[in-house]
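In the working numbering, the protein residues as written are 44 to 384.
The following block contains the structure:
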């Protein structure tokens with residue numbers, strides 16, 4: 044095992060060997076205690092420092108302004124490491140030679156350095172518009188971008204730009220990665236809402252009026268069940284209608300709910316009637332992020348972990364409730380609440 048202290052030498056390799064020898068000699072060292080690794084550029088230095096630990100960095104000051112450039116680049120590395128977006132240096136073979144903290148946190152790999160760029164994000168599906176952004180950037184010298192979808196339904200936008208004058212064997216491209224999952228999911232929900240509206244308007248009034256009452260109710264149930272499942276990615280839905288005279292919340296639709304819970308008698312009362320009773324009584328939506336910690340929550344099915352309940356309001360009057368549930372803690376957010384309302 045090499046126990047010598049390692050020094051990273053930044054400068055011209057041709058001149059560095061003789062210069063480093065003179066430097067060691069002037070400091071009373073014949074090289075037995077110090078190992079010197081030489082790189083030609085600051086970008087290569089960042090690549091080396093990401094892979095190994097050094098006792099010091101020596102800048103060969105042969106080139107005018109070199110010291111300022113190195114200091115600026117090292118400061119930039121610290122800035123990039125603290126960015127909320129992912130950043131990677133990538134070579135011409137699409138191998139990651141450096142990744143910042145954010146990109147490392149998104150990667151399923153313990154250390155993305157040395158891996159193919161797409162492998163650092165779990166080999167996601169490339170959705171375009173450019174299906175080869177790295178090759179495009181290398182071939183044209185211009186930046187390119189694409190959207191990536193992972194297996195766990197996360198979406199990333201990758202922007203790839205060539206390093207041109209700063210390019211080295213270890214770094215030909217810089218890739219910036221942004222998490223756009225929330226934006227994409229919201230777009231998908233809006234598109235599904237638009238599709239739902241189109242399909243509903245495809246039904247002519249005379250076709251609806253020709254239906255029996257039960258057939259109309261069944262059609263409404265099917266549409267609610269279908270689009271709630273598509274837009275919120277849930278399979279557990281319950282709708283109750285409020286009987287104004289008694290305050291009783293009558294079951295209208297239940298999907299994925301245990302029979303005992305579906306038959307449970309609930310009233311529009313803020314206490315003792317679960318989240319549904321609270322919402323019906325107050326007319327306010329309720330987001331239960333963790334069912335195990337919420338005193339209002341009444342179990343709807345085994346393994347339920349979170350729920351979202353909103354009032355059904357007609358002419359400023361609460362006429363019922365709609366409730367969706369998940370077996371995941373904190374499965375719903377403000378965007379889901381806005382949609383359901």
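Virtual Cβ for every residue (Gly too), placed ideally from N, Cα, C.
Between the alpha carbons of residue 153 and residue 281 lies a distance of about 42 Å. Of the candidates 228, 379 and 137, the residue whose Cα lies closest to the Cα of residue 180 is 137.
For the pair residue 315 and residue 189, the Cα-to-Cα distance works out to about 51 Å. Closest in C-alpha terms to residue 351, from the list 357, 333 and 362, comes 333.
Contact annotation, residue 219 with residue 128: C-beta distance approximately 6 Å; criterion of less than 8 Å satisfied. Between residue 296 and residue 167, the alpha-carbon positions lie close to 38 Å from each other.
By the CB criterion at 9 Å, residue 292 and residue 330 fall outside the cutoff.
With a threshold of 16 other beta carbon atoms within 10 Å, residue 363 meets it and is buried.
Put simply, of 318, 131 and 373 the residue whose alpha carbon is nearest the alpha carbon of residue 309 is 318.
Here DSSP, grouped into helix, strand and coil, assigns residue 199 to strand. Within the same chain, 137 and 138 come within 7 Å of residue 159 by CB-CB distance, once the 5 residues on both sides are set aside.
In this structure, the straight-line span from the alpha carbon of residue 346 to that of residue 300 is close to 11 Å. As for any alpha helix (DSSP H) of minimum length 4 sitting wholly inside the segment 287-367, the runs are 302-305 and 317-325, ordered along the chain. Comparing alpha-carbon positions, the option among 177, 197 and 221 lying closest to residue 145 turns out to be 221. When rounded, the separation of the alpha-carbon atoms in residue 134 and residue 171 is 21 Å. In the assembly as shown, residue 155 is a buried residue. Its beta-carbon has 16 or more other beta-carbons within 10 Å. Look at the segment 130-193 and you find these whole runs of alpha helix (DSSP H), each 4 residues long or longer: 144-149 and 176-183. Taking the Cα positions, residue 286 is about 30 Å away from residue 335.
In the DSSP assignment, residue 276 falls outside any beta strand (DSSP E) and carries neither an H nor an E. Counting the other CB atoms within 10 Å of its CB gives residue 322 a total of 16 or more, which places it among the buried residues. Spanning the alpha carbons of residue 288 and residue 229 requires a straight line of approximately 39 Å.
By the Cβ neighbour-count rule, residue 368 is buried, with 16 or more other Cβ atoms within 10 Å of its own. DSSP places residue 206 in no beta strand (DSSP E); its state is neither H nor E.
For residue 76, no beta strand (DSSP E) segment is defined, and its DSSP state is neither H nor E. The Cβ atoms of residue 186 and residue 215 do not sit closer than 9 Å to each other. Per the DSSP secondary-structure output, residue 282 pairs in a beta bridge with 296 and 365. Inclusion of residue 327 and residue 349 in the CB contact set at 9 Å is not warranted, their separation being larger than that value.
Taking all protein chains shown into account, residue 163 has 16 or more neighbouring C-beta atoms within 10 Å of its C-beta and is therefore buried. With a threshold of 16 other beta carbon atoms within 10 Å, residue 174 falls short and is exposed. Residue pairing for residue 379: DSSP places it in no beta bridge. Cβ contact annotation for residue 343 (same chain, cutoff 6 Å, sequence separation greater than five): 300, 304 and 368, in chain order.
Of all alpha-carbon atoms in 258, 198, 284 and 143, the one lying nearest the alpha-carbon of residue 224 is that of 198.
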